[in-house]
Amino acid sequence: MTTTIDGTALDTLRTALRGPVVAPGDPDYDPSRSLYNAMIDRRPAAIASCVDVADVRATLGFAQETGLGLAVRGGGHSGPGLCLTDGGLTLDLSPMRWVRVDPEAGTAQVGGGSQLGDLDHAADTFGLGVPAGIMSTTGVGGLTLGGGHGYLTRRYGLTIDSLIAADVVLADGTFVTANENHHADLFWALRGGGGNFGVVTSFTYRLHTVGTVGVAVTVWPVDRTAEVLRWYREFLPAAPEDLYGFFALLSVPPGPPFPEAIHGQKMCGVVWCCTADPASGRLEELLKAVEEPAPPAFHFTSPMPYPALQTMFDGLIPKGLQWYWRGDFFDGIPDAAVDVHAEFGRNLPTGLSTMHLYPVDGAAHRVGPAATPWAYRDATWSGVIAGIDPDPANAERIRRWCVDYWTALHPHSMGGAYINFLGEAEDPDRVRSTYGGNYDRLAAVKRTYDPDNFFHANQNIPPAAA
Ligand code: FAD
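Quick note: to get the working numbering, add 454 to the position in the sequence shown (first position is 1).
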């Protein structure tokens, strides 16, 4: 069922905004409500596309006046589709895709609806970059507000560790710039507390030297998963911080650089990124070790501009697939967990389904657990299990595999998960365990900035009781 907005009210909103407003019955309605995860099928009352802060304030005021629940869309990549609600109003930031790099100051200001590729592209021309995810189409907004990790994390930390300011429209329509000195409590909460505190219209980051990186992909037959994981759990944490490598269970993609003979085969593997000068041969030297656990079925290395690495998976997992995912943090991979991975790796339910262990050690460990809401600064990996398939008929199959895998593995985790890897709008205990000792402070900041829980379409942190 679709809730509709009275035509006069809709006209009022349309008049107030420079961006388009799409409602049920409009030809653009279905494309506008489609999300990265096609398993999510929600019918909002309207989607208001905001081109600037004035549009954001007008949309927010409209939602307050009409009592329509508001959801905010950055890149639309969240697994549980948090940016759309049935019968609610979606404030869509996707027209706000812009980046201004100041190479002298070493900073970048980024529009709240930008995608990672926008930032990577704009910064790379100066040989600069920000640690963020592993796909160019992920929204800067949701990723940063949840914490953000990627290929540069061992060297330069989480995305939030490079955030130096945010422009925010608050629940009452006030516009503020939050940084270490101004609205410092809000600035603290934005660095991991999700979309709970306001609409971030721009993020400002400190940039780091990046340029061309050394990239490698190593895969081993899936029946060698136990040996490879036992090797990887020792090798990676001891490796220098300019080497990053996320572990994966996968089916080999049917295309280059993989030889045809192994296309479609179930494998375990590591995707490596080395920020040392590719001409130095450091990556090749460090990765002589990949022969140690078992002979790889394929090992490939290449220098790559950082933005090119960030697009490596874009074509493989485009928008419109069915996704079901769950995550957890890990500070080790005990033998019992190795056995779980080996079993579920053998039983990957579809060609795109996967499990990744993303390193969150190195520079990310040098920030204290209370310095930002990211409580698990002692975690070595942020893990995600993702059932993925194009065919909706397989939705239950991938969901079941993911839930069974997660249930078997969870006892070997640290208890909480990366907030952006919670697969559903999860129960409050799960959100609380993710923030650990920082939860009460987040709830107190929420009470200050959003006492009525206006921003609730997220992994919600209700305001602390007065
Ligand atoms: P949306 O669905 O638009 O938003 C998610 C949440 O953030 C919503 O609650 C929304 O209201 C809020 N939000 C978004 N933008 C704003 C804003 N400007 N102001 C206020 N609230 C906002 N994460 C990593 O850290 N590293 C990875 O390598 C990584 N890889 C991924 C790969 C894939 C294929 C996918 C699908 C996700 C990946 N993620 C990764 C997870 C990603 O960080 C989350 O899905 C994140 O929520 C995406 O942000 P978004 O803006 O695209 O999502």
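Backbone N, C-alpha and C define an ideal beta-carbon position, used for all residues, glycine too.
Being a predicted model, the structure only gives us computed values, none of them experimental.
Could you tell me if Lys773 is buried or exposed, where buried requires 16 or more neighbouring beta carbons within 10 angstroms of its beta carbon?
Position 319 of the sequence shown holds residue 773. That one is exposed.
Mind listing, in chain order, the continuous beta strand (DSSP E) runs of no fewer than 3 residues lying wholly within the segment 481-561?
Taking only runs of at least 3 residues, the beta strand (DSSP E) segments lying wholly in the segment 481-561 are 500-503, 524-527, 543-546 and 553-556.
From the DSSP secondary-structure annotation, give me the bridge partner or partners of Gln563.
On the sequence shown, residue 563 is found 109 positions in, with the first residue counted as 1. In DSSP, Gln563 forms a bridge with Arg554 and Thr658.
For a test of your reading of the model: does the CB of Cys537 fall under 8 Å from any non-hydrogen atom of the ligand FAD? Yes or no.
Residue mapping note: residue 537 aligns to position 83 of the sequence shown, counting from 1. Checking the Cβ of Cys537 against the ligand FAD gives yes.
Take Trp848 and list the residues in its own chain whose beta-carbon comes closer than 7 Å to its own, dropping the five residues that flank it on each side.
Residue numbering aside, residue 848 sits at position 394 when the sequence shown is read from its first letter. Sequence check: residue 848 is Asn here, not Trp. Answer for Asn848: Gln776 and Thr804, listed in chain order.
If you scan the segment 643-729 from start to end, which runs of the alpha helix (DSSP H) of 4 or more residues do you find wholly inside it?
679-692
Counting C-beta neighbours from all protein chains within 10 Å, is the total for Ser925 16 or more, i.e. buried, or is it exposed?
Limits of the chain in this structure are 455 at one end and 920 at the other, which puts residue 925 out of reach.
Taking Met589 and Leu570 to be in contact with their CB atoms under 8 Å, please state how far apart those CB atoms are, rounded to whole angstroms.
For the purposes of this step, residue 589 is taken as residue 135 along the sequence shown, with counting starting at 1. For the purposes of this step, residue 570 is taken as residue 116 along the sequence shown, with counting starting at 1. Confirmed, Cβ separation roughly 7 Å.
Flag Thr592 as yes when its Cβ comes closer than 8 Å to any non-hydrogen atom of the ligand SAM, and as no otherwise.
The model depicted lacks the ligand SAM and carries the ligand FAD instead.
Please classify Pro827 as buried or exposed, where buried requires at least 16 other C-beta atoms within 10 Å of its C-beta.
The count along the sequence shown starts at 1 and reaches residue 827 at position 373. By the 10 Å Cβ count, Pro827 comes out buried.
Determine the burial state of His810: buried for a count of at least 16 other Cβ atoms within 10 Å of its Cβ, exposed for fewer.
Taking the sequence shown and counting its residues from 1, the one referred to as residue 810 is at position 356. That one is buried.
Ignore the nearest five residues each way along the sequence and tell me which others in Leu606's own chain have a CB closer than 6 Å to its CB.
As a first step, residue 606 is located in the sequence shown; it is residue number 152 there, counting from the start. Excluding residues within five positions, the ones whose Cβ falls inside 6 Å are Pro585.
So for Leu775, helix, strand or coil by DSSP?
Along the sequence shown, one-based indexing puts residue 775 at 321. Of the three classes helix, strand and coil, the one that applies to Leu775 here is strand, per DSSP.
Considering only the beta carbon of each residue, do Val821 and Gly611 sit closer than 9 Å?
In the sequence shown, counting from the first residue as 1, residue 821 sits at position 367. In the sequence shown, counting from the first residue as 1, residue 611 sits at position 157. Yes, they are a contact pair.
Once the 5 residues before and after Met455 are set aside, which same chain residues still bring their CB inside 6 Å of it?
Counted from its first residue, the sequence shown places residue 455 at position 1. Confidence at Met455 is low in this model, with a pLDDT of 45, below 50, so the placement of that residue should be treated as unreliable; the coordinate-derived value is given next. Counting only Cβ-Cβ distances below 6 Å, and skipping sequence neighbours, we find nothing.
Is it the case that the segment 623-634 contacts the segment 552-564, given that we only count it when at least three CB pairs across the two stretches are under 8 Å?
no
Mind checking which residues open and close the beta strand (DSSP E) that includes Phe629?
Numbered from its first residue, the sequence shown carries residue 629 at position 175. Annotation for Phe629: the continuous beta strand (DSSP E) segment containing it runs Phe629 to Ala632.
Which residue marks the beginning of the alpha helix (DSSP H) containing Asp961, and which one marks its end?
Outside the modelled stretch of the chain, which goes from 455 to 920, sits residue 961, for which no answer is possible.
Can you check whether the CB of Pro485 is closer than 9 Å to the CB of Ser503?
If you number the sequence shown from 1, residue 503 lands on position 49. If you number the sequence shown from 1, residue 485 lands on position 31. Not in contact: Ser503 and Pro485 (Cβ atoms no closer than 9 Å).
Thr631 and Asp639: beta carbons closer than 9 Å?
Within the sequence shown, numbered from 1, the residue matching residue 631 stands at position 177. Within the sequence shown, numbered from 1, the residue matching residue 639 stands at position 185. In this structure, Asp639 does not lie closer than 9 Å to Thr631 by Cβ.
Taking only the alpha-carbon atoms, compute the straight-line gap between Trp860 and Arg831 and give it to the nearest angstrom.
In the sequence shown, counting from the first residue as 1, residue 860 sits at position 406. In the sequence shown, counting from the first residue as 1, residue 831 sits at position 377. Straight-line Cα distance between these residues: approximately 22 Å.
Can you give me the Cβ contacts of Arg853 inside the same chain, cut-off strictly under 8 Å, excluding the 5 residues immediately before and after it?
To locate residue 853, count along the sequence shown from 1; it is residue 399. Once the five neighbours on either side are set aside, the close Cβ partners of Arg853 are Tyr778 and Gly841.
Could you say if the segment 793-803 and the segment 635-650 meet the contact criterion of at least three C-beta pairs nearer than 8 Å?
no
Please go through the same chain and pick out, in chain order, the residues whose beta-carbon is closer than 6 Å to the beta-carbon of Trp855, but skip the five residues on each side of it.
Working through the sequence shown from its first residue, we reach residue 855 at position 401. Hits under 6 Å: Pro803 and Gly841.
Using a 10 Å radius around the Cβ and a threshold of 16 neighbouring Cβ atoms, would you call Thr598 buried or exposed?
Translated into positions along the sequence shown, residue 598 becomes position 144. Counting Cβ neighbours within 10 Å, Thr598 comes out buried, since at least 16 surround it.
Going straight from the alpha carbon of Glu695 to that of Pro917, what length do you get?
Taking the first residue of the sequence shown as 1, we reach residue 695 at position 241. Taking the first residue of the sequence shown as 1, we reach residue 917 at position 463. Computed Cα separation, rounded: 38 Å.
Which value, in whole angstroms, describes the spacing of the CA atoms of Ile873 and Ala715?
Numbered from 1 along the sequence shown, position 419 holds the residue referred to as residue 873. Numbered from 1 along the sequence shown, position 261 holds the residue referred to as residue 715. About 38 Å.
Identify whether Thr808 lies in helix, strand or coil by the three-state DSSP scheme.
What you label residue 808 is simply residue 354 of the sequence shown in a count that begins at 1. The answer is strand: DSSP assigns Thr808 an E or B state.
Could you work out which residue in Asp578, Ala748, Thr539 and Ile459 is closest to Glu421 when comparing CA atoms only?
Any answer about residue 421 is impossible in this case: the structure gives the chain only from 455 up to 920.
For Pro905, does the count of other Cβ atoms within 10 angstroms reach 16, so buried, or fall short, so exposed?
For the purposes of this step, residue 905 is taken as the residue at position 451 of the sequence shown. Counting C-beta atoms within 10 angstroms of its own C-beta, Pro905 has fewer than 16 neighbours from the protein chains shown and is therefore classed as exposed.
Just checking my contact of Cys728 with Leu763 at CB under 8 Å: how many whole Å lie between their CB atoms?
Translated into the one-based positions of the sequence shown, residue 728 becomes position 274. Translated into the one-based positions of the sequence shown, residue 763 becomes position 309. That pair is no contact at about 11 Å.
Alpha carbon to alpha carbon, how far is Pro675 from Pro750?
Indexing the sequence shown from 1 puts residue 675 at position 221. Indexing the sequence shown from 1 puts residue 750 at position 296. Near 8 Å, if we compare the C-alpha coordinates of Pro750 and Pro675.
So what does DSSP say about Gly641, is it helix, strand or coil?
Taking the first residue of the sequence shown as 1, we reach residue 641 at position 187. For clarity, residue 641 is Phe in the given sequence; the question names Gly instead. Assignment of Phe641 by DSSP, reduced to helix, strand and coil, places it in the helix class.
Quick one: what's got a C-beta closer than 7 Å to Pro708's C-beta in the same chain, skipping five residues either side?
Within the sequence shown, the letter at position 254 stands for residue 708. Same-chain partners within the cutoff: His717 and Gly718.
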